[in-house]
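J.: Following this message is one structure expressed as C-alpha cells.
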Amino acid sequence: MQFSFQNPTKIEFGQDSIKSLKALLPLESKVLLVYGGGSIKRNGIYQQVMTALEDHNVMEFSGVEANPTYETLSKAVELVKAQGIDFVLAVGGGSVIDGCKYIVAASCYDGDGWDILTGAHYSDKALPLGVVLTLPATGSESNAAAVVTKAATQDKLSFYNDIVRPRFAILNPDVIKTLPERQQANGIIDAFIHVCEQYLTLEADTWVQDGYAEVLLRNLVKLAAQFEQRDNDIWRANLMWTANQALYGLVGNGVTHDWSTHMIGHEITAIYGVDHARTLTIVQPSLLRSQIEYKRGKLNQLGSQVFNLAQGDDLAERAIDALEQLYSKLGLPVRLSEAGIKDADAVDKLVAALEKHAMTAIGEHKAIDIATSRAILLQAS
Numbered sequence: 229m230q231f232s233f234q235n236p237t238k239i240e241f242g243q244d245s246i247k248s249l250k251a252l253l254p255l256e257s258k259v260l261l262v263y264g265g266g267s268i269k270r271n272g273i274y275q276q277v278m279t280a281l282e283d284h285n286v287m288e289f290s291g292v293e294a295n296p297t298y299e300t301l302s303k304a305v306e307l308v309k310a311q312g313i314d315f316v317l318a319v320g321g322g323s324v325i326d327g328c329k330y331i332v333a334a335s336c337y338d339g340d341g342w343d344i345l346t347g348a349h350y351s352d353k354a355l356p357l358g359v360v361l362t363l364p365a366t367g368s369e370s371n372a373a374a375v376v377t378k379a380a381t382q383d384k385l386s387f388y389n390d391i392v393r394p395r396f397a398i399l400n401p402d403v404i405k406t407l408p409e410r411q412q413a414n415g416i417i418d419a420f421i422h423v424c425e426q427y428l429t430l431e432a433d434t435w436v437q438d439g440y441a442e443v444l445l446r447n448l449v450k451l452a453a454q455f456e457q458r459d460n461d462i463w464r465a466n467l468m469w470t471a472n473q474a475l476y477g478l479v480g481n482g483v484t485h486d487w488s489t490h491m492i493g494h495e496i497t498a499i500y501g502v503d504h505a506r507t508l509t510i511v512q513p514s515l516l517r518s519q520i521e522y523k524r525g526k527l528n529q530l531g532s533q534v535f536n537l538a539q540g541d542d543l544a545e546r547a548i549d550a551l552e553q554l555y556s557k558l559g560l561p562v563r564l565s566e567a568g569i570k571d572a573d574a575v576d577k578l579v580a581a582l583e584k585h586a587m588t589a590i591g592e593h594k595a596i597d598i599a600t601s602r603a604i605l606l607q608a609s
C-alpha cells in the first residue's frame, strides 16, 4: 500500500453554517455566485447567502443545468473574464459545483476550455472556488473531479485536477428538507455507488479503507431503510456527511479503482438525459454479473459485511441481488426500459459513444472491452 493524501477543503458543517460565508470570502473579492434554477430562491438559501455577503461585491450567473453543459458554462467564463471576477461561489449540488470547477479553470486559459476535458490542456492555474452545498450526493464539494457535457455533440467527459478543488464547503443538512423525494433517493444511491467503485475491486488487505467503505455503505443502507421516516435532523445530517465522505479521498487511498459503471452511465446521460444516479443503477448490477469472477472476493465481503448475508458459494450472486433490491426499493431503475429507454438501437448508440470516447478497455482489470460493454447493456435492457 502506497499513497499520498491531502484534502485542503475546509468544511463548515451544521445548521446556520451559511453564516460563516462572511468570514470565508475575502471582503475585497469580486465574487461570481453561480447556481442552477430557481430552487435556491424558493427555499430561502439564496437569501441566506446574500445576507451573509451583504458587504461583498457579488455578481450572479444562473441556469447551470442538471448535467452542466459546455455551452452554458462558456457564457459564465466570458462573464468572468469581462468583469474581472476573482472568486467563484457555487451554490448547488454536484452539477453546479462541477460546472464551477470548469469555470475557474477555463477562466484562466486563453484557448477553448473544452481542451481541459479532452486532455489537450492541463490547467496549472484556476480561480479560487467555494461551495454552499444544496444537494448531498456526489462529494464534489471537497474533491478535484468534474464532469461536463458538450450538448452539441453529446459528449460527456470528466477531468481531475487539484487546482480546482474548493477552498471551502458549507454543508447545512437543513437544505435537504426542501429537496424532492427523487433527488434524495438519487443522493443515497449516488453516494453508495461512488463507494462501490473504489471498494468492489481487488482484495488488497487494505483494512482501514475497506472498513471505512463498509461503514459508509452500511450507513447508506440504513438511510434507505429509513427513507419513509426521513424527516428528521439525524437522518439529514448523516446523509450529508456520508455522501461527502464517499468521495472525500479516504476510501480510495492505496486501493485500485474501477469507475466502469460511471463510464458507461455517462453515455446514457449524454444521449438520453437520464439522472446520473439512475444510469448507475441501470448499469452496475449487470456489470457486476459480467465481472463476477474478477470481483467475487469483494462481492462476498459486501454481502457479509454490508448486507449481513449468510456465507455460501453463491454469496457474490446474492450480494448483487441485494443491490438490485436496494435500488428498486428506492424507486430507481435497474433496466434501460425502466428509465423509458426502449429504442431498438439504444445499445448500438451507447456502444458507439463508448468507442468514440476510447472507452474500449475499462474497469480495474481493463477487461471490459466494447463487446463486453455491449453484453452488459443488453443484459441491462
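349 is the number that the working numbering gives to position 121 of the sequence shown; each next residue is one higher, with no gaps. A virtual CB, placed ideally from N, CA and C, is assigned to each residue, including glycine. Note that this is a predicted model, so its numbers are computed, not measured.
1) Where DSSP assigns a beta bridge to S386, which residues make up the other side?
2) Decide if E282 is buried, meaning its Cβ has at least 16 other Cβ atoms within 10 Å, or exposed.
3) What do you get for M468, buried or exposed, if any count of 16 or more other CB atoms within 10 angstroms of its CB means buried?
4) Can you tell me the Cα-Cα spacing of D222 and D340, whole angstroms?
5) Can you list, in chain order, the residues of its chain with a C-beta nearer than 7 Å to that of E592? Leave out the 5 residues immediately preceding and following it.
6) Is it buried or exposed, L554, if we count other Cβ atoms within 10 angstroms and call 16 or more buried?
7) Does G320 come out as helix, strand or coil in the three-state DSSP assignment?
8) Locate the alpha helix (DSSP H) running through L554, then write down its first and last residues.
9) Going straight from the alpha carbon of D576 to that of L385, what length do you get?
10) Would you call E256 buried or exposed, if buried means 16 or more other Cβ atoms sit within 10 Å of its Cβ?
11) Have a look at L399 and G242 and give me their C-alpha separation to the nearest angstrom.
12) From I246 to V259, what distance separates their C-alpha atoms?
13) So, are the CB atoms of I496 and T507 less than 7 Å apart?
14) Below 8 Å on the Cβ atoms is my guess for V262 versus A318; work out the distance and round it to an integer in Å.
15) When you compare each of S514, S267 and E369 to R563 by their alpha carbons, which one comes out closest?
16) Assuming Y350 contacts A373 under a Cβ cut-off of 8 Å, what Cβ separation, rounded to an integer in Å, is found between them?
17) Between the Cα of A304 and the Cα atoms of A550, G266, E293 and F289, which residue gives the shortest distance?
18) Measure the CB-CB distance between Q382 and A498 and report whether it falls below 7 Å.
19) If you drop the 5 nearest sequence neighbours on each side, which residues of the same chain put their C-beta closer than 6 Å to that of R464?
20) If you measure between the beta carbons of V423 and L445, is that distance less than 7 Å?
21) Can you have a look at I462 and say buried or exposed, based on whether 16 or more other CB atoms are within 10 angstroms of its CB?
22) Determine the direct distance from the alpha carbon of D433 to that of A453, and round the result to whole angstroms.
23) In the DSSP assignment, the beta strand (DSSP E) including G358 goes from what residue to what residue?
24) Need the endpoints of the alpha helix (DSSP H) that F420 sits in, please.
25) In angstroms, rounded to a whole number, what distance separates the CA positions of D326 and E456?
26) Helix, strand or coil: how does DSSP classify K405 here?
27) In the DSSP assignment, the alpha helix (DSSP H) including M287 goes from what residue to what residue?
28) Excluding the 5 residues flanking Y274 on each side, which residues of the same chain have their C-beta closer than 7 Å to its C-beta?
29) So which of G312, D503 and D343 has the shortest CA-CA distance to G568?
30) Which ranges does the alpha helix (DSSP H) cover as unbroken runs of at least 4 residues, wholly within the stretch 427-493, from first to last along the chain?
T.: Taking the structure as given:
1) BP columns for S386 point to V375.
2) E282 counts as exposed, since fewer than 16 other beta carbons sit within 10 angstroms of its beta carbon.
3) With 16 or more neighbouring CB atoms inside 10 Å of its own CB, M468 falls in the buried class.
4) The first residue shown for the chain is 229 and the last is 609, placing residue 222 beyond what the model contains.
5) Annotation for E592: T429, L430, T484, H485 and D486 place their beta carbon closer than 7 Å to its own, counting only its chain and skipping 5 residues before and after.
6) For L554, the number of other beta carbons within 10 angstroms of its own is at least 16, and it is reported as buried.
7) Here G320 sits in strand by DSSP.
8) Run containing L554: L543 to K557, per the alpha helix (DSSP H) assignment.
9) D576 and L385: Cα-Cα distance of roughly 20 Å.
10) E256 comes out exposed.
11) L399 and G242 have their alpha carbons spaced roughly 6 Å apart.
12) Across the structure, I246 and V259 are spaced so that their CA atoms are roughly 16 Å apart.
13) In this structure, T507 lies closer than 7 Å to I496 by Cβ.
14) Confirmed, about 5 Å.
15) For R563, the nearest C-alpha among the options comes from S514.
16) The C-beta distance from Y350 to A373 rounds to 14 Å, too long to meet the 8 Å contact threshold.
17) When A550, G266, E293 and F289 are compared, the shortest CA-CA separation from A304 is found for F289.
18) Q382 is a Cβ neighbour of A498, given a cutoff of 7 Å.
19) Sequence-distant Cβ neighbours of R464 in its own chain, meaning closer than 6 Å and more than five residues away, are P401 and I404.
20) Going by C-beta atoms, V423 is nearer than 7 Å to L445.
21) Exposed, since its Cβ has fewer than 16 Cβ neighbours within 10 Å.
22) Near 30 Å, if we compare the C-alpha coordinates of D433 and A453.
23) In the DSSP assignment, G358 falls within the beta strand (DSSP E) that extends over L357 to L361.
24) Counted as a single uninterrupted DSSP element, the alpha helix (DSSP H) harbouring F420 occupies residues E409 to Y427.
25) For the pair D326 and E456, the Cα-to-Cα distance works out to about 30 Å.
26) In the structure shown, K405 sits in a helix (DSSP, three-state: H, G or I).
27) Per DSSP, M287 belongs to no alpha helix (DSSP H); it is in the beta strand (DSSP E), N285 to F289.
28) So the list reads I268, once near-sequence residues are dropped.
29) Comparing Cα positions, the closest option is D503.
30) Listed in chain order, they are 435-453 and 461-474.
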